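Worksheet: one structure, shown below.
2 protein chains.
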Amino acid sequence: MYTPALENLRIVMVETSHPGNIGSAARAMKVMGIKDLRLVTPRKPFSQETFALASGANDIIEQAQIVPTLQDALADCQIAIGASARSERTLQWPQMDARECGTFVAEQLPQQKKIALVFGRERTGLTNEELDHCNTLVHIPMAFDFLSLNIAMAIQVLAYECATAVRLATHSQPMAAVDPDEALANAEALEGFYTHLEQSMIDARFLDPENPRLLMRRLRRLFGRASVTVSEMNILRGMLAAFAGRKFQSRLSSD
Amino acid sequence: MYTPALENLRIVMVETSHPGNIGSAARAMKVMGIKDLRLVTPRKPFSQETFALASGANDIIEQAQIVPTLQDALADCQIAIGASARSERTLQWPQMDARECGTFVAEQLPQQKKIALVFGRERTGLTNEELDHCNTLVHIPMAFDFLSLNIAMAIQVLAYECATAVRLATHSQPMAAVDPDEALANAEALEGFYTHLEQSMIDARFLDPENPRLLMRRLRRLFGRASVTVSEMNILRGMLAAFAGRKFQSRLSSD
């Protein structure tokens, strides 16, 4: 029942404290057919417990890439989904529950997209800045708000939901070919756009770098939700250049 | 989101070897709102690890009844579902997968039935004799037959499936109240934005009104897909005004 589509699903663990949790996560992934693990600066090196708990998934641990930042872990991904213990936040990101996440992943994977499920620190989860790098959040509905799932358990549930949704979808739908221009922009391209957008707003004095408020976060949320394609990204960046260029031209003519 | 129906769902662990697994299982149950744990002759007494891994579910450990046989654990149950790592056995019992199990449990619980999910030993599972005490088996579909889920992980997945099925059956989901700023912009507001955007692009010579190509259509498609909220619309229009205002200011200063 191994599903090749799941090869494009990545699990990212950010600053994990307990090496044992990385082992348990690897086992949780492997039983569901997910292989690609990235670790963003784990707090401790792998231990005996890591390999004991991986139990048959040592290959996943050995092949796991360790990277310094979340951005590195997501550079070649088109979609990043952040796991959140809380179902509400002050500034609301778009949200899915675990079941919806499975369905979403099963819809997106056959289109050759690389998707990351991002899991934060054991106690404190993901920071708001890290959530800004995610297109959407997923939470696992729980009976009590004051409790949380162990991180490897959360990975197990979401891996299970994704594998189940892919399995159910494979039995039903044929997939369409995708025009490369209509492919989704990857995280690196998106970051380039956000940097360009931010600078343009600063230049236009719309964004005060001393008091940025939530402006960039809100815009990230908007464009993240839209799943911007490569060709749309080109239009948006061309537009920003044109807005800036016009100003530049008019300055030249006034000198 | 606590669901009283789940009070009649029991988890039974048979001859568990590792006291830590009992702790993890308790946490897995509690986060999903399941409280009733029976232990059939666990191999070792509770340890520090049991309580460390239970993390907030100590009450479940403390209230867990320890009984000598599976029959004792099932005495007051109408339905027993045995968890099986293998999806086939020589002598075939009736089988469900995890999703079907959730649906089945959600259908049966409201009829005041007591249902047990039965989990066997870490390495060897349930004996055929023990399976004879079960009405049906459940297995969690996996990518590789030679692997198995950790027992607490299997409890987590089945507890999650049961809780999800009960939740979906109980409420066909009521909706959260929406902050008026987070309401979607209506069509009139969207059209106002598109007009503003188009004029801005013409002013910046990014859009040639003589040869508009598909530019506006593509941008409409992008923003249409994003489901722009009222507050986001205000940001976007403010940004366009700022881009134009800057140009306008520089013209003024050059006159």
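Just so you know, the sequences run in chain order Y and E. Mapping of the first sequence onto this note's numbering: position 158 corresponds to residue 158, and the numbering continues sequentially without gaps. Mapping of the second sequence onto this note's numbering: position 5 corresponds to residue 5, and the numbering continues sequentially without gaps. Idealized CB from N, CA, C, for every residue including glycine. Computed from a predicted structure; not experimentally measured.
Only Ser24, Arg27, Ala28, Lys30, Val31, Met32, Gly33 from the region 14-33 of chain Y bring a Cβ to less than 8 Å from some Cβ of chain E. When the alpha-carbon of Y/Thr16 is set against those of Y/Lys113, Y/Leu6, Y/Lys44, Y/Cys134, the nearest one is in Y/Lys44. If you check the CB distance, Y/Leu39 and Y/Ala64 come in under 8 Å. Judged by DSSP in its simplified three-state form, Y/Gln112 adopts coil rather than helix or strand.
Scanning E/Phe206, E/His139, E/Leu70, E/Cys77 for the CA closest to the CA of E/Gln95 turns up E/His139. Taking the beta carbon of Y/Val228 as reference, the chain E residues within 8 Å of it are Leu222, listed in sequence order. Here the alpha carbons of E/Ala185 and Y/Val12 stand approximately 35 Å from one another. In this structure, the straight-line span from the alpha carbon of E/Ala25 to that of E/Asn234 is close to 49 Å. Between E/Met201 and E/Gly192, the alpha-carbon positions lie close to 14 Å from each other. In this structure, DSSP gives E/Leu219 a helical state, which the three-state scheme calls helix.
For E/Gly82, the enclosing beta strand (DSSP E) covers residues 79-83. Around the beta carbon of E/Gln111, a 10 Å sphere encloses fewer than 16 other beta carbons of the protein chains shown; the residue is thus reported as exposed.
Contacts with chain Y at 8 Å (Cβ-Cβ) include E/Asn150. Distance check between E/Leu219 and each of Y/Leu236, Y/Gly224, Y/Asn211 places Y/Leu236 closest, using alpha-carbon atoms only.
Apart from the 5 residues on each side of it in sequence, Y/Asn8 sits with its Cβ closer than 6 Å to the Cβ of Leu109, Lys114 in its chain, given in chain order.
Short of 8 Å from the beta carbon of E/Glu62, and not among the five residues preceding or following it, lies no beta carbon of its own chain. Under the 8 Å Cβ criterion, the region 79-86 of chain E counts as touching the region 126-133 of chain E, having at least three qualifying pairs. Assignment of beta strand (DSSP E) within the region 129-213 of chain E, counting only whole runs of 3 or more residues, yields 136-139 in chain order. Two segments are said to touch when three or more pairs of C-beta atoms, one from each, lie closer than 8 Å; by this definition the region 48-58 of chain Y does not touch the region 161-172 of chain Y.
E/Pro19 sits away from E/Thr69, with the two beta carbons spaced by 8 Å or more. Annotation for E/Phe243: Ser200 place their beta carbon closer than 7 Å to its own, counting only its chain and skipping 5 residues before and after. Only residues of its own chain outside the window of five on either side were considered, and among them Pro180, Asp181, Glu182, Ala183, Leu184, Ala185, Ala189 have a CB closer than 8 Å to the CB of E/Val230, listed in chain order. With respect to chain E, the C-beta atom of Y/Gln156 has a partner C-beta closer than 8 Å. Nearest CB-CB separation between Y/Met142 and chain E: below the 8 Å threshold. Annotation for Y/Arg38: the continuous beta strand (DSSP E) segment containing it runs 36-40. Excluding residues up to 5 positions away in sequence, Thr16 lie with their Cβ nearer than 6 Å to the Cβ of Y/Pro42 in the same chain.
For the region 6-81 of chain Y, the full-length alpha helix (DSSP H) segments reaching 4 residues or more read 19-31, 48-54, 58-63, 70-74 along the chain. Y/Leu117 and Y/Glu107 have their C-alpha atoms spaced approximately 15 Å apart.
For the options E/Thr136, E/Cys77, E/Gln48, E/Phe223, the alpha carbon positioned closest to that of E/Ala98 is the one of E/Thr136. No Cβ-Cβ contact shorter than 8 Å links E/Leu149 with Y/Val157.
One finds Ala204, Phe243 in chain Y with Cβ atoms closer than 7 Å to the Cβ of E/Phe243, taken in chain order.
Within the region 188-218 of chain E, the residues whose Cβ lies closer than 8 Å to some Cβ of chain Y are Ser200, Met201, Asp203, Ala204, Arg205, Phe206, Leu215, Arg218, listed in chain order. Setting aside the 5 residues that flank it on each side, Y/Asn58 is surrounded in the same chain by Phe51, each with a C-beta closer than 7 Å to its C-beta; the list follows chain order.
In this structure, Y/Met153 keeps its C-beta atom at 8 Å or more from the C-beta atom of E/Ala154.
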